[in-house]
Every structure is written in C-alpha cells, then in structure tokens.
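Residue numbers (the working numbering): 43 to 177. One structure is given here, and the rest of the page talks about it.
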Amino acid sequence: MQETNYIKHLNNVFLKIEKDSRLNPSHISLYIALFRVWNSNRFAEVFYIYRDEVMLFSKIGSKTTYHRCIRDLSNWNYIIYFPSHNPFKGSQVKLINFGTSTGQVVYQHNTNIGTSSGQALVSNININKHIVNKY
43 MQETNYIKHL NNVFLKIEKD SRLNPSHISL YIALFRVWNS NRFAEVFYIY
93 RDEVMLFSKI GSKTTYHRCI RDLSNWNYII YFPSHNPFKG SQVKLINFGT
143 STGQVVYQHN TNIGTSSGQA LVSNININKH IVNKY
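So this is what it looks like as structure tokens:
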C-alpha cells in the first residue's frame, strides 16, 4: 500500500484541474469541499458525506448542480462515489489518489533558495509568534 502525501496530492489535483476543460467552478468547489471532509475524517480510504454539509462547504445552492457535479467528478475519475439514497446514512466517497509518495515533498522549481538537493525548507524562526488584531 502506498502512502499518500496530501500536499503532493492537492498540487497534482490542481495541475489536473488546470488541464481539464470540462470542469467549472462548481466542480472545483465541490472537490475542495470533499477534500475538507476527507481531511476531517483523517484521510480515511472511504468516508461518509452528507449532501447538506458538502453543499454548505462548497457554496453550491442547488441540489441539481450538486448531484450533476458529484456524478461528473465520479465519471471523470476524480472520486469514486457510492450514493446511499438514504438521507440518514449519507453517501460514501473515495478520492482518487493523485499524490502517492514514500518521501518528502521536493520543491520542483529551480531557484537558489534552499539546499542544493532541491528540498523545500521552512524556517521555524518566530513560528510561535502571536499576531495581535487591533480591530
């Protein structure tokens, strides 16, 4: 079983979205909402979703649009959708794995920042600095 790197997964999804002319903003918003639910379910292989919650997260106001987009995402191999037809049980979803990795994410762009290995570095200086909102 391959381990999923979720940052790499999202980056690869964004690249796929860029190239896919079939997608509209509702599809993209729905996918991001599904990713959010997947995250809150600790990236379980298959997880339950509830239409009202996902519609709220994705800002989709029409049930027709929601059902069309979730069917499209399934047909176009972004997700695997298992409709329950039971509003109390919820449907099941599996997100197609676009980011398999056993190592760290490597920064792909050629810059002079970081190490010569191309690995992205993040500073931990001031990481716990509190931001005060004056408003």
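We treat Cβ as the ideally placed atom computed from N, Cα and C, and that holds for glycine. Source: prediction; values computed, not measured.
(request) Within the same chain, show all residues whose beta-carbon is closer than 8 Å to that of Ile138, passing over the 5 residues directly before and after it, in chain order. (result) Within its own chain, the residues whose Cβ lies closer than 8 Å to the Cβ of Ile138, once the five positions on either side in sequence are excluded, are Asn119, Tyr120, Ile121 and Ile122, listed in chain order.
(request) Can you give me the start and stop residues for the beta strand (DSSP E) that Ile102 sits inside? (result) Per DSSP, Ile102 belongs to no beta strand (DSSP E) and is neither H nor E.
(message) Measuring only the C-alpha atoms, how far is Pro67 from Cys111?
(response) Pro67 and Cys111 have their C-alpha atoms some 10 Å from each other.
(request) State the start and end residues of the unbroken alpha helix (DSSP H) segment that holds Ser82. (result) Looking at the DSSP string, the run of the alpha helix (DSSP H) that includes Ser82 is Pro67 to Ser82.
(message) Using 8 Å as the threshold, is the C-beta distance between Val135 and Ile91 below it?
(response) With a cutoff of 8 Å on beta-carbon distance, Val135 and Ile91 are scored as near each other.
(request) Between the Cα of Ser133 and those of Phe140, Asn81, Ile102 and Val96, spot the shortest distance and give me the residue it belongs to. (result) Proximity to Ser133 across Phe140, Asn81, Ile102 and Val96 peaks at Val96, based on C-alpha coordinates.
(message) Can you tell me whether Ile49 is helix, strand or coil according to DSSP?
(response) Look at Ile49 here: in three-state DSSP terms it is helix.
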